[in-house]
Amino acid sequence: MGKGISRGIAFLAILSMVVLAACGGGNSADKAGTGELAEKQEITLGNIPSEPPGLDPLQAKDSVSGDILAQTMVGLTKMGKNGEAIPGIAEKWDANEDMTKITFHLRDAQWSNGDPVTAEDFEYAWKRMLDPKNGAVYAYQLFYLKNGEKYNKGKAKADDVGVKAVDDKTLEVELEQPTPYFLSLTTFYSLRPVPKKVVEKNKDWASEADSYVCNGPFKVKSWKHDAKIVLEKNDKYYDADKVKLTQINLPFIAEPKTGYQMFQTGDVDSSNSNIVPTDLTKKLLDSGEAKGAPQIATYTVEFNTKKKPFNNKKVRKAFSLAIDRKQIVENVLEGGQEPANGWVPWGMPDFAAGKDFAEVHGKYIEPTAQADEAKKLLEEGLKEEGLEKMPEMTYLYNTDDGHKKIAEALQQMWKENLDVNVKLGNVEWKVFLERKTAGDFDFARFGWLPDYIDPMTFMDVYMTDSGNNDTKFSNKKYDELIKKAKSTADQKVRMKALHDAEDILMDEMPVAPLYWYTRVYMDKDYVKNVYRAIDGSVYYEEAYLTEK
Amino acid sequence: MAIPVEKFQRVERRPKEAEAIRRPRVSYWKDAWIRLKKNWLAMGGLIVILLLVVMALVGPYMLPYEYYGIDLKSGKNLEPSGDHWFGTDDLGRDMFVRTWYGARISLTIGIVAALIDLVVGVLYGGISGYKGGRTDEIMMRIVDVLWGLPYLLVVILLLVVMGPGLLTIIIALTVTGWLNMARLVRGQILQLKEQEFVLASKALGASTKRLMMKHLIPNTMGPILVMLTFTVPNAIFAEAFLSFLGLGVQAPIASWGTMINDALVVVLSDEWWRLFFPALFLSLTLLAFNAFGDGLRDALDPKMRK
Amino acid sequence: MFRYVGKRLVLMLVSLWLIASLTFVLMHSIPGDPFTSEKKLPKQTLENLKAKYGLDKPLPVQYVQYLGNLAMFDLGISIKSTTRTVNDILEEGFPVSAHLGIQSILVALVAGIVMGMIAAARQNRMSDYILMVLAVIGLSVPAFVLAPLFQKYFGMNWNLLPVWGWGEFEKTILPSIVLAFSPLALVTRLMRSSMLEVIGQDYIRTARAKGLPPIRVISRHTLRNAIIPVVTIMGPLTASILTGSFVVEQIFAIPGLGKYFVESITNRDYPVIMGVTIFYSAFLILMNFLVDLLYGWIDPRIKLSGKEAS
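Residue numbers (this note's numbering), protein chains in the order written: chain A, 1 to 548; chain B, 1001 to 1306; chain C, 2001 to 2310.
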């Protein structure tokens, strides 16, 4: 790490302070500078909390590696504004009617070392992901491929897997069953290609800057472990003309308070909520320093439907009705979240109606508490279970200040609106997960983020045999509807089935949705054109800086 | 001027009285207490500690709020006022009530930790240092092993096995809380036991117990008391860390440690009272303990006996 | 003496082996494994993963294998950062943490001893009381409060010093001070108390009476006899500060070793847990050994290898 960088940072810091002083704190976008392109197109981001597990799509398994891979690797497709797939390395594609066979036609693109990006690279990368020897975490994202799951289980050969490079520029994909959202999956970092020639020679290619080869707008310039990664513009990128930033600095910032101060002093230009201390969110949103946008994710309370009296749907509903979601969102979280009125969150498209899935289904849940109805339901429910009064239940959450605050508020609401005493229990993260999986809980917090852009990623969670269904909720009708939606590519049929399934889910209420997430981010005024896709990924491909 | 002879009175020989000790016999500990009472700083410390204990007992009832009483609508982050003497926190709970409720937890933890240090640490270190040789070698290697184990692992295991609660915390503190004290005492005893007065005492046939209690431990009292004043805040913050992991008292009960931890954000915002009051009383507690400790040290110092 | 050192080295290896074994048992007896995550992995994927990292074998086999590798100084590969070996992590992180640690230990030791002696010399006078209040503040303001306060005032408000990162000396100033705070307070208080102990002794009075200059009395007689408690606590303190502080390194964004002591456990990253534990323990045991040797050097009356008292 040269002195130049830190001097640059110091320079930026001084400059931005002058600007801040000049603006008098008013941060409106029109005031910022002349709007002319800045001479120096170097940006520092604050969204990387720690060393990424790996920059090989095979090892990438969290949002940290995802955030970096968004700048360095491009898959077959990119994500459009509404979650649709738009051309990436694949220029165009054609599919058969029920979306079981897709042929991708690749454009002329190069790896950062000058080699061409070929269909072979994709085939190799995907089979590598499925190879049981490699133990890839995200292998299941490719179970949609014909024989994909079987190969991962060691029950089929690599050659049987439904992906084939017909020639350098043509990739044929065969799927197990109709999967309309497979295209949106190809934007995901696990399905991005790897440079076959490089990987075969050096299996640790993606752990140091020197050996890393990529095909995206930026390549890795330097990598100081546990401290910082620096990206620079990749001239070999097929759309390099559009890329204006010459360098992206990614210091690892573990503590939001530190990141926030770095932003204030100008050491950081742009970031997601990694630099927003939770308790300051409201203040920063109010002042306009931070901005919020809907994020496709739901925060819920899950009931253990095997635990009496939570086996009774009236009791579960009573607990849900007693929650004042508006209070939680407005006075506890204060981050612009939305009170949930259903399980599938805002922002998730309904592909038949052409608008949000949540807008189509209407309101399942009122934002304020319905104390009278809740009390009545609880009484009835308890009677049905032959209980005099509610036994003391423990609400489980994992160690975190945010979860704690919500739990404390919930406890109070249940006390006030249901006259029920609930104990709070917090445990370490992995202990929490193990206890939930084992069914060793009464009710607990739960948050779900999508794997791909389709309501299915939310709805199949509560199928009877779903590994993620800790509520042990089981409903034949529900399972049938989900299976029906999985068997066709006809969006009208699929969406109808999914809506019907959500009706059942919200009537049975094994899960009481609390709120839908927001994505909070901070950009300096002079940072323009950052693309924040609806799946949460952030692209700096076309971003640029204006004169301050 | 001459004094007439008849004014003089002859005093009989009273051998018994001649042998008697006029000054009342005072034991080492009683003597220490007398000297302690004269030390205004130490007594001030003691009075502050007692006041804190009293406030911990009655404080939560002085205002009409509960420590868990959330008020989201209009009671959040209020400045100290006539209604809320110490203001309110980010869920609208009264800070005065919470501070004194928290004092119960934190003072208990502090005192228990000090006791563990005194009983386990001083005894362990004392025996190890006094015995020396192989016993010392083995006892100190056990200390090394306990010190080397990853504490977080031990804590998670305890939580899984025992569940949360004050008792679990105390056990968690007992595992490693006394190690520093043990090594400190041992180091002192190793040095002291080679000194002449110990040899003299041994020559006079003093028992091991007498040697320890009368000579060795009192001469180590200074470092022991310093270590205690170090153990107390450490334990109070360890409790916050353990509660954060789910081991300790469960929310919404708070201790000073967890309140300070929760209020960290005020470094960047304006609700100073959320950090100030728990931190103030924590510091006051320590100051009182230190003042008392210093006075106690002076009082216990055998060389200062008059 | 050589026999004592030799015996001691053997015992140290035994302690280290005990720590390694207990840690191995502990980490496998708490719930969760490296692959436990909110999105549950398909059973097959889990089995593939476990096979890849050798976690499918019975625990005794894993244990023997680990000890075998350990004997060759091979600490394995991190399961979270799949391309980094534990040896790499230690090699890259330790120098950073140690650098920071040495600076703070020096500050704590030098300033602490001086302040402690001043407090003792001025016992129950104003400077003594002021130093006590300062020490109490040092003890009652933990690093997680002090660090953000320093950042705010020295960084954001006054713009005097850099508040994050690693590389230049200026960047080490604030974290070193934060790290030194609590040890400094402890050393000051300990030094004061043992100085008071020593000052009352007859030989000091003798030294004074025979007209030795005060500096000489302090350096030749007082300090030597008063420093034992400080030396004792320096052993474990050095080991823990030099291997990095989680809080300080997180807040100041320093690429040290500290975070691995916490994150390896929350991630259940078995090889890293074992690696950092063994590294730290070896360091600790060595430091305690050095402390014992120092005792003999400071006060030749102290005998460790001698016979047991009855």
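For each residue, glycine too, the CB sits at the ideal point set by N, CA and C.
Not one beta carbon of chain B lies nearer than 8 Å to the beta carbon of A:N274.
For the segment 1143–1162 of chain B, the set of positions with a beta-carbon nearer than 7 Å to some beta-carbon of chain C reads D1144, V1145, W1147, G1148, L1149, P1150, L1152, L1153, V1154, I1156, L1157 and V1160 in chain order. From the beta-carbon of A:Y140, the residues of chain C found nearer than 8 Å are L2041, P2042 and T2045. Taking a beta-carbon distance threshold of 8 Å, A:T471 does not count as an interface residue toward chain C.
Straight through space, the alpha carbons of C:H2221 and B:K1202 are spaced by roughly 26 Å. Using a Cβ-Cβ cut-off of 8 Å, C:P2148 counts as an interface residue toward chain A, since at least one Cβ of chain A sits closer than that to its own. For A:I406, the enclosing alpha helix (DSSP H) covers residues D401 to L418. Rounded to the nearest whole angstrom, the CA to CA distance from A:T258 to B:W1033 is 51 Å. In this structure, the beta-carbon distance from A:D108 to A:V527 does not fall below 8 Å. Fewer than three pairs of CB atoms, one per stretch, sit closer than 8 Å, so the segment 343–359 of chain A makes no contact with the segment 184–193 of chain A. Those residues of the segment 402–430 of chain A placed with their C-beta closer than 8 Å to a C-beta in chain C are E428, W429 and K430, ordered along the chain. With its beta carbon at least 8 Å from every one in chain C, B:T1099 lies outside the interface. Checking the DSSP bridge columns, you'll see A:I229 partnered with A:W223 and A:L250. Between A:Y515 and A:P339, the C-beta gap is smaller than 8 Å, which places the two residues in contact. Sequence-distant Cβ neighbours of A:A156 in its own chain, meaning closer than 7 Å and more than five residues away, are N147 and K150. Chain order gives the chain A residues near C:K2080 as P53, where near means a beta carbon separation below 8 Å. The alpha carbon of A:D401 has as its nearest neighbour, out of A:L333, A:K383, A:I482 and A:G347, the alpha carbon of A:L333. Across the structure, A:E373 and A:L321 are spaced so that their CA atoms are roughly 7 Å apart. With respect to chain A, the C-beta atom of C:E2197 has no partner C-beta closer than 8 Å. Cβ-Cβ distances below 6 Å link C:P2162 to E2170 and K2171 in the same chain, with the five nearest sequence neighbours on each side left out; the list follows chain order. By alpha-carbon distance to A:F473, the top candidate from A:D451, A:K496 and A:L505 is A:L505. Looking at the DSSP output, A:S270 bridges to A:L45 and A:D523. DSSP places A:F263 within a helical segment (H, G or I) once states are collapsed to three. Around B:V1154, the same chain offers V1175 as residues with beta carbons nearer than 7 Å, after the five sequence neighbours per side are excluded. Around the CB of A:E302, 16 or more other CB atoms lie within 10 Å, so the residue is classed as buried. In the DSSP assignment, A:T298 falls within the beta strand (DSSP E) that extends over K291 to F303.
Between B:L1115 and B:A1172, the gap from beta carbon to beta carbon reaches 8 Å or more.
Taking a beta-carbon distance threshold of 8 Å, A:V137 counts as an interface residue toward chain C. In this structure, A:M509 sits away from A:A352, with a CB-CB distance that is not shorter than 8 Å. Taking 8 Å as the CB threshold, A:K363 stays off the interface with chain C. With respect to A:L171, A:G162 sits apart: the two C-beta atoms are not nearer than 8 Å. Following the DSSP letters along the chain, one finds B:Y1130 inside the alpha helix (DSSP H) bounded by residues L1123 to K1131.
In this structure, A:C214 and A:T72 form a Cβ contact; the two beta carbons are roughly 4 Å apart against a cut-off of 8 Å. A contact is defined here as three or more CB-CB pairs under 8 Å, and the segment 2258–2268 of chain C fails this definition with respect to the segment 2225–2238 of chain C.
Among the CB atoms of chain A, none fall inside 8 Å of the CB of C:V2248.
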